[in-house]
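Chemist:
Laid out in C-alpha cells, this is it:
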C-alpha cells in the first residue's frame, strides 16, 4: 500500500503539493515513484521560470520510461531541488522528502481543484 | 480483441508482475524491480516467459532447400542440431522479420519468429512453399517458451534434468529433451543461456521448478535493457519493413555465396542508405526517435532504441544514421527535448556479455 501524508494536497498525476503562505512545494507521491520504478534522471525548470497550471514543467525518467511532470499551480519557480539532478534515486527512497520545485503562486484558488489525502487514497485504490 | 495470455499468466499475476500489452499478448514487463532482474541475468540466473513468440515447422524431403531459399543466412551448410539466426527478406531486400532456424533434421526444421510478425511471416512463407516438396505448419499455439539466462543457467539446467548432458551443448546448439522439449543454447541477453520450447503443461512445471531453485523471474523490460546493452537488434526498432539487413549492420547474415535466396538479386547490387551505430552518453538518456545530429547541428539520423544501462549507469543507444551524412565522427549530438547532449560512438557493444 502506497504511503499518503495527511497534511498534503494531491493531483491526479500523482504529485503532492505542500502549501506555506503563497509558496507551493511540489513532489511526486509514493504511488508514483513505486509505479515508475528506479528513477534515474530528473529534469527541472530553472529559477524564475514562469509556469502555467496544467503545463509540463519537467520530466522524471526511469530505466525504461519518460514521464512528464505537470504543475497544478501557476507561478514563478523560486527554487529547484538540484540535489535530485545528482541523486534522482532519492525520490524512490523518500518521495515526500524529495521535493522537486517551489513555486510562488499567482492564483491560490487553483489549490481548490486539488484532492485531500482521503480523496487521493481513494483515487489510488481505484487506479491500481 | 482482448489480449492473449500465456500459460503462465496466472503465475505472473500471483508473483505481482506488472503486465502490459505486447504484440497482442498480456506479458510481464517487470516483477519487483527491473534493475535487479537485469543484474540477476548478468551475475546469476533469470528466466523469461517468452511464450508469445511464434513456432513454425517445415517438414518433408525439401524442407532444408525451402528454408535455405527463404532466409538470407546459410542453413544448408550449417551443421545438424544447430540454431541459425537470420533475417527474412522480400525480393527488394527489405526485412520481413528476424528469426532463428533450428535444424533438428534435414527434413524437419523449426523456425522461431517474433510474436508481432507471426501472421505476416506465415503468409509470406506460405506463398512460397508450393514450389518445394515440404509442408509448413504454424504450431505457435502448441508451444510455451522459457528463456533461462545468466552465468548460472548451466548449473540450473543440469538440475532440471531434461534427459541429456548439458555439457555436450555448444553455443547455438540444440537438443531434444524429455517430454518433447526442445532446448537451444541461445538467448537475447548476451549471457550464457538456454531457450526451452515445450508444451504448456511441461513449461509450467519447469517454471515452478526454476522458482524453487531460486531463479529470478524477469520481465520484458529487463530483456530489452539486456539486449540493448549487448547491441542485439529488435524488430520494429533497429529492423523494419523499410530497410535491408545491409542497412542494419547484419551483413554477416547475408550469404551471397548461396545459390539463391529471396532478395539475393537485389541485395547483390544494393548500396546501403543507412548505418547502425552505437552511442553512449555521459549525461542524459537517449530514447527511440530522438534526433541524432553531427557537430554542425545537422540531423543525420535518429535513435532506434535507447535506455539507461543498468551495468554502466549511463545512457546507451543504437541509432540509424544516413550513410552519406555520417563521416565517421567519434562524437555526435542527441537532441533531448530541445537540449543538446554529447554522445560518443562505441565500436564494441556496451557490455561484453559472458556467453560462450
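Protein chains in written order, with our numbering: chain A, 890 to 1017; chain B, 19 to 374.
Idealized CB from N, CA, C, for every residue including glycine.
1) Let me check one thing: in DSSP terms, what residues is residue 235 of chain B bridge-paired to?
2) Quick check on residue 325 of chain B - is its C-beta less than 8 Å from some C-beta in chain A?
3) Could you tell me if residue 270 of chain B is buried or exposed, where buried requires 16 or more neighbouring beta carbons within 10 angstroms of its beta carbon?
4) Does residue 927 of chain A have its Cβ less than 8 Å from a Cβ in chain B?
5) So, does the segment 229-241 of chain B touch the segment 51-70 of chain B, judging by three or more C-beta pairs under 8 Å?
6) Could you name the residues that DSSP lists as bridge partners for residue 194 of chain B?
7) What's the C-alpha gap between residue 992 of chain A and residue 915 of chain A?
8) 8 Å is my cut-off, CB to CB: does residue 930 of chain A come that close to chain B?
9) Whether or not the segment 342-356 of chain B and the segment 275-286 of chain B are in contact is what I'm after, with contact meaning three or more pairs of Cβ atoms, one per stretch, closer than 8 Å; do they touch?
10) DSSP three-state label for residue 176 of chain B, please.
11) Please list the partners that residue 955 of chain A has in chain B, where partner means a Cβ-to-Cβ separation under 7 Å.
12) Which residues in the same chain as residue 150 of chain B place their Cβ atom closer than 7 Å to its Cβ, once the five residues preceding and following it in sequence are excluded?
13) Using the beta-carbon of each residue, which ones in chain A are nearer than 7 Å to residue 239 of chain B?
14) Can you tell me whether residue 176 of chain B is buried or exposed? The criterion is at least 16 other CB atoms within 10 Å of its CB, across all chains shown.
15) Would you mind working out which of A:998, A:960, A:921, A:953 sits nearest residue 947 of chain A, comparing C-alpha positions?
16) Between residue 48 of chain B and chain D, is there a C-beta pair that is closer than 8 Å?
17) Can you round the beta-carbon distance between residue 216 of chain B and residue 162 of chain B to whole angstroms, since I take them to be within the 8 Å contact cut?
18) Going by the beta-carbon positions, is the gap between residue 222 of chain B and residue 26 of chain B smaller than 8 Å?
19) List, in order along the chain, the chain B residues whose C-beta lies closer than 9 Å to that of residue 950 of chain A?
20) If I measure Cβ to Cβ from residue 937 of chain A and keep anything under 7 Å in the same chain, skipping five residues before and after, which residues do I get?
21) Under the DSSP definition of a beta bridge, which residues are partnered with residue 130 of chain B?
22) Tell me which residues share the same chain as residue 343 of chain B and place their Cβ nearer than 6 Å to its Cβ, disregarding the 5 neighbours each side in the sequence.
23) Take every Cβ of the segment 59-72 of chain B, pair it with every Cβ of the segment 254-274 of chain B, and state whether three or more of those distances are shorter than 8 Å.
24) Check distances from the C-beta atoms of the segment 240-264 of chain B to those of chain A and list, in chain order, the residues that come in under 8 Å.
25) Would you list, in chain order, the members of the segment 275-301 of chain B that have their beta-carbon closer than 7 Å to a beta-carbon of chain A?
26) Taking Cβ positions, are residue 904 of chain A and residue 917 of chain A nearer each other than 8 Å?
27) Between B:247, B:106, B:275, which has its C-alpha nearest residue 119 of chain B's C-alpha?
Modeler: Judging by the given coordinates:
1) On the second chain, position 217 is the one that residue 235 of chain B refers to. In the DSSP output, where bridge partners are listed per residue, residue 235 of chain B has B:65.
2) The count along the second chain starts at 1 and reaches residue 325 of chain B at position 307. Cβ-Cβ to chain A under 8 Å: yes for residue 325 of chain B.
3) Taking the first residue of the second chain as 1, we reach residue 270 of chain B at position 252. So residue 270 of chain B counts as exposed.
4) As a first step, residue 927 of chain A must be located in the first chain, where it is residue number 38. Yes, residue 927 of chain A lies at the interface with chain B (some Cβ there is under 8 Å from its Cβ).
5) yes
6) For the purposes of this step, residue 194 of chain B is taken as the residue at position 176 of the second chain. In DSSP, residue 194 of chain B forms a bridge with B:200.
7) Start at 1 with the first residue of the first chain, and residue 992 of chain A comes out as number 103. Start at 1 with the first residue of the first chain, and residue 915 of chain A comes out as number 26. Approximately 8 Å between the Cα atoms of the pair.
8) Reading the first chain from its first residue, position 41 is the one you call residue 930 of chain A. With 8 Å as the cut-off, residue 930 of chain A counts as an interface residue toward chain B.
9) no
10) Residue mapping note: residue 176 of chain B aligns to position 158 of the second chain, counting from 1. Of the three classes helix, strand and coil, the one that applies to residue 176 of chain B here is helix, per DSSP.
11) If you number the first chain from 1, residue 955 of chain A lands on position 66. Simply 305.
12) By 1-based counting over the second chain, the position of residue 150 of chain B is 132. Cβ neighbours of residue 150 of chain B beyond the five flanking positions: 80, 83, 84.
13) Walking along the second chain from the start, residue 239 of chain B turns up at place 221. Correct list: 953.
14) Counting from one through the second chain, the residue named residue 176 of chain B turns up at place 158. When all chains shown are included, residue 176 of chain B counts as exposed.
15) Position 58 of the first chain holds residue 947 of chain A. Closest option to residue 947 of chain A, Cα to Cα, is A:960.
16) The chain inventory of the structure shown lacks chain D, comprising the protein chains A and B.
17) Looking up residue 216 of chain B in the second chain gives position 198. Looking up residue 162 of chain B in the second chain gives position 144. The pair is a contact, with the Cβ atoms about 6 Å apart (cut-off 8 Å).
18) The residue given as residue 222 of chain B occupies position 204 in the second chain. The residue given as residue 26 of chain B occupies position 8 in the second chain. A contact, by the Cβ cut-off of 8 Å.
19) Numbered from its first residue, the first chain carries residue 950 of chain A at position 61. Neighbours of residue 950 of chain A on chain B, chain order: 303, 305, 326.
20) On the first chain, position 48 is the one that residue 937 of chain A refers to. 965, 966, listed in sequence order.
21) Position 112 of the second chain holds residue 130 of chain B. Beta-bridge pairing links residue 130 of chain B to B:73, B:118.
22) The residue given as residue 343 of chain B occupies position 325 in the second chain. Once the five neighbours on either side are set aside, the close Cβ partners of residue 343 of chain B are 318.
23) no
24) 242, 243
25) none
26) Within the first chain, the letter at position 15 stands for residue 904 of chain A. Within the first chain, the letter at position 28 stands for residue 917 of chain A. Contact flag set, yes.
27) Here residue 119 of chain B corresponds to residue number 101 of the second chain, with the count starting at 1. Per the Cα distances, B:106.
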